[in-house]
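Take the position in the sequence shown, starting the count at 1, then add 61; the result is the number in our numbering.
Structure first, commentary second.
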Amino acid sequence: MNTAIDILLTPWLWIAIVVIFTIQRSILFIPQNRGYVIYTFGRYSGTLQAGLNFIVPFVQRVAADRNLKEQSLDISSQLAITKDNITLELDGILFMKVTDAAAATNNITDYKLAVVQLATTTMRNAIGSMELDQCFQNRDNINASILASMTEATQPWGVQVTRYEIKDITPPISIKEDMEKQMAAEREKRSVILTAEGVKTAAITQAEGLKQARVLDAEAAKAEQVLAAEASKESQILEATGKAEAIRLVADADSNALNVIGAAAITAEGQQAVRLTLAQDTIAAHKAIASEGSVILTDGKTGDNIGNTVAQAIAVSSALKLSE
C-alpha cells in the first residue's frame with residue numbers, strides 16, 4: 062500500500078504525465094477539406110490545412126474548425142410582396158462553401174445564420190421589384206439576381222455562394238383560383254386552335270389530293286390522246302404504204318402489159334390487135350361520155366369518127382378470124 066502511494070508521489074511520474082499530455086495537445090491530425098483557425102495568446106496567428114500539424118500547448122489553441130466543402134442550406138418559407146401588391150410565399154435552397162476559414166471565424170459570428178438571413182432579405186427585394194406574372198415566368202432571373210447580390214455581400218465573410226434556387230412560389234388562394242381559371246381558358250384556347258389547325262390541315266390535304274387526282278387524270282387523258290394519235294399515225298402510214306404498194310403493183314402490171322403489147326406490135330397481127338383494142342377503148346369512152354348527160358359537145362365529126370372506129374374494129378376482128 063505504501064509502495065503505491067510512493068509511486069503516485071514520485072515526481073518523475075507526474076513529469077511523464079505532463080510530457081505525454083503536452084505532446085498529445087501539440088500534435089494535430091487535420092482531415093481533408095477542413096481548416097483549423099489557430100489563436101496564439103487569444104490572437105489569430107494562422108490557419109492549419111489538412112495533414113500533420115503542430116501547435117504550442119497552452120500558448121496556441123484551435124479557435125474554430127471550418128468545413129471547406131460545399132454545403133447546402135434550406136431557406137425556410139418566407140412571405141414577399143410583389144410590385145403589384147400580391148403576397149407570395151416562397152422557399153428555396155442555397156449552396157455555399159467557406160473559402161477563407163479565418164474570415165469566416167474573425168469577421169462574422171455565425172456565417173451560416175448570416176447567409177440564410179441575407180438570402181431571405183435578398184429574395185424579398187428581388188420579388189418586390191417584379192410583378193406576379195414575372196415572378197412565375199422569370200424564376201431563373203430571380204435566382205441569378207439573388208446569387209449576384211449575395212456573392213458580393215458574403216466576400217468579407219470568407220464565404221462563396223455558388224448557387225441559389227427558389228423551390229416553391231405559392232400565391233394566395235384567390236390568386237391561385239384565378240390562375241387555375243386562366244390556365245383552363247388557355248388549355249381550351251389551345252384545344253380550339255389545335256382543332257382548327259387539324260381541320261385546316263385536313264382541308265389542305267384533301268385539296269392537294271384532288272389537285273393530284275386532276276393532274277393524274279389530265280396526264281392520263283394526254284397520254285391516251287398521244288397514244289390514239291400515234292395509233293392513227295401508224296394506221297395512216299400503213300394505209301398509205303398499202304396504197305403505194307398497190308399503185309406500184311398496178312404500175313408494174315401496166316408496164317409489163319405495155320412491154321408485152323409493144324413486143325407484140327412488131328408483128329402485123331400484133332398491130333391489128335392493138336388497133337382493135339384502141340377501137341374498143343374509144344367506143345367504151347364514147348359510151349361513158351354519152352351516159353353522163355344528155356348534151357355532148359363534139360367537134361362536129363363525132364359521128365364519122367365513131368363510124369370509122371366501128372368499121373375499123375369490125376375489119377380488124379374479121380381479119381383476125383380469117384388468120385385463125
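Even for Gly, the Cβ is constructed at its ideal location relative to N, Cα and C.
Rounded to the nearest angstrom, what separates residue i and residue j at their Cα positions?
i, j, result
"Gln243", "Leu179", "35 Å"
"Ala175", "Asp126", "18 Å"
"Glu295", "Glu280", "22 Å"
"Glu300", "Ala307", "10 Å"
"Pro232", "Ala141", "10 Å"
"Gly364", "Thr302", "Model confidence at Gly364 stands at a pLDDT of 49, short of 50, so the residue's coordinates are unreliable; what they give is reported in the following sentence. C-alpha separation (whole angstroms): 45 Å."
"Ala282", "Ala290", "12 Å"
"Gly259", "Asp278", "28 Å"
"Asp229", "Asn186", "17 Å"
"Arg251", "Thr262", "16 Å"
"Leu288", "Ile298", "15 Å"
"Asp360", "Ala292", "Residue placement at Asp360 is poorly supported in this model, since its pLDDT is 48, which falls under 50; the coordinates are not used for a value here."
"Val276", "Ala257", "28 Å"
"Ala245", "Arg200", "22 Å"
"Met157", "Ala165", "12 Å"
"Ala314", "Lys304", "15 Å"
"Tyr172", "Ser138", "20 Å"
"Leu74", "Pro92", "33 Å"
"Ile78", "Thr215", "46 Å"
"Ser190", "Asn94", "39 Å"
"Leu271", "Glu247", "36 Å"
"Arg202", "Thr83", "Residue identity check: residue 202 is Asn in the sequence provided, not Arg. Going by the C-alpha atoms only, they are around 56 Å apart."
"Ile76", "Phe90", "25 Å"
"Thr71", "Val123", "33 Å"
"Ile188", "Leu155", "17 Å"
"Thr338", "Ser316", "17 Å"
"Ala312", "Ala274", "56 Å"
"Glu249", "Ala209", "40 Å"
"Ile236", "Thr170", "41 Å"
"Asn320", "Ala284", "53 Å"
"Ala264", "Ile254", "15 Å"
"Gln132", "Thr266", "59 Å"
"Ile234", "Met211", "31 Å"
"Ser106", "Gln221", "23 Å"
"Glu269", "Glu241", "41 Å"
The beta strand (DSSP E) with residue i in it runs from where to where?
i, result
"Gly107", "104–109"
"Gln93", "That residue, Gln93, is in no beta strand (DSSP E); it is neither H nor E in DSSP."
"Glu226", "220–231"
Over the uninterrupted alpha helix (DSSP H) stretch that includes residue i, give me the two end residues.
i, result
"Met211", "200–215"
"Phe119", "Neither: Phe119 is in no alpha helix (DSSP H) and is coded neither H nor E."
"Thr83", "72–87"
"Thr181", "172–189"
"Asn167", "162–167"
Would you say residue i and residue j are within 8 Å of each other, going by their C-beta atoms?
i, j, result
"Val159", "Asn128", "yes"
"Asn204", "Glu238", "no"
"Ala162", "Thr108", "yes"
"Ala96", "Gln85", "In the sequence under discussion, the amino acid at residue 96 is Gly, which differs from the Ala named in the question. Not closer than 8 Å, so no."
"Ile207", "Thr181", "no"
"Ile88", "Phe115", "yes"
"Val98", "Leu134", "no"
"Ile136", "Gly112", "no"
"Val103", "Asn168", "It should be pointed out that residue 103 corresponds to Gly in this sequence rather than to Val. Cβ atoms of Gly103 and Asn168: not closer than 8 Å."
"Gln121", "Thr101", "yes"
"Glu192", "Asp145", "yes"
Should residue i be flagged as near chain D, meaning a C-beta pair shorter than 8 Å?
i, result
"Ile99", "Protein chains in the displayed structure number just one, and chain D is not present."
inquiry  = Check whether the segment 144–162 and the segment 188–196 touch, using three or more Cβ-Cβ pairs below 8 Å as the test.
reply    = At 8 Å Cβ cutoff, the stretches touch.
inquiry  = As an exercise, report each continuous beta strand (DSSP E) stretch of at least 3 residues that is fully enclosed by the segment 125–160, in chain order.
reply    = Taken in chain order, the complete beta strand (DSSP E) segments of 3 residues or longer contained in the segment 125–160 are 132–142, 148–159.
inquiry  = Suppose only complete runs of 3+ residues qualify. What are the beta strand (DSSP E) ranges in the segment 259–298, listed by chain order?
reply    = Qualifying beta strand (DSSP E) stretches: none in this window.
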